[in-house]
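Undergrad: In our numbering, the protein residues as written are 24 to 162.
Where is the CB? At the ideal position from N, CA and C, for every residue including glycine.
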Amino acid sequence: MNRMLKSAVVPAMLLALAPPAPAQDARVDVTGKWQFTVTYEGGSGSPLVTLTQKGDSITGRYSSQVFGEIDLKGSVKGQEFSFGFTTAAGGDSFTMTFTGSMNGKDALRGSVDMGGMGSGTFTAVRQKDPAGAGGSAGG
Numbered sequence: 024m025n026r027m028l029k030s031a032v033v034p035a036m037l038l039a040l041a042p043p044a045p046a047q048d049a050r051v052d053v054t055g056k057w058q059f060t061v062t063y064e065g066g067s068g069s070p071l072v073t074l075t076q077k078g079d080s081i082t083g084r085y086s087s088q089v090f091g092e093i094d095l096k097g098s099v100k101g102q103e104f105s106f107g108f109t110t111a112a113g114g115d116s117f118t119m120t121f122t123g124s125m126n127g128k129d130a131l132r133g134s135v136d137m138g139g140m141g142s143g144t145f146t147a148v149r150q151k152d153p154a155g156a157g158g159s160a161g162g
């Protein structure tokens, strides 16, 4: 009987003393104003992107000299996010889709698919400017 008790108690004690496992499915928080740098085959651009995350959903606004102001939608799954919007260039309509992950607390990185018009990569830095400040650039 004593041996059975020891064989049950010792593993239970070791389990209780073990550090908790890290959260594997902790979600990112992409809410904020982001200065993107997008690099693609034809050049690069620096759009300003405002994202609002509620649960797993992302909404926001993409602002650039090339495409103007465009509403966007997306989602978050674990550590990854994606968002996109439909726009036009040269008379052709296409969907741009950004897919990426956090790179630290205030940085993003990933890839962009320009819906058959090419692809590229991006990095972004969360802006800390006061409310109402901002701007837009090419891209």
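With H, G and I counted as helix, E and B as strand and the rest as coil, what does DSSP make of P53?
TA: The question names Pro, but residue 53 in the sequence shown is Val. It is coil, neither helix nor strand.
Undergrad: Quick one, which of G107, N126 and D115 has its alpha-carbon nearest D136's?
TA: The candidate whose alpha carbon is nearest that of D136 is G107.
Undergrad: Using the beta-carbon count (16 or more within 10 Å), is A147 buried or exposed?
TA: Looking at its Cβ environment, which holds 16 or more other Cβ atoms inside 10 Å, A147 is buried.
Undergrad: Using a Cβ-Cβ cut-off of 6 Å (strictly less than) and excluding sequence neighbours within five positions of T60, which residues of its own chain qualify?
TA: Contacts found: S69 and T146.
Undergrad: Buried or exposed: which applies to G83, given that a residue is buried once 16 or more other Cβ atoms fall within 10 Å of its Cβ?
TA: When all chains shown are included, G83 counts as buried.
Undergrad: DSSP three-state label for G138, please.
TA: Coil, per DSSP.
Undergrad: Return the residue from the list G139, I81, A112 and M140 that minimises the CA-CA distance to D94.
TA: Checking every option, the nearest Cα to that of D94 belongs to I81.
Undergrad: Between which two residues does the beta strand (DSSP E) containing F117 stretch?
TA: It spans D115 to M125 - the beta strand (DSSP E) in which F117 sits, taken as one unbroken run.
Undergrad: Spatial neighbours of D79 within its chain, please: C-beta separation below 8 Å, excluding the five flanking residues on both sides.
TA: Excluding positions up to five away in sequence, the list reads R50, S98, V99 and K100.
Undergrad: Leaving out the 5 sequence neighbours to the left and right, which residues in its chain are closer than 6 Å to G55 when beta-carbon positions are compared?
TA: Hits under 6 Å: R149.
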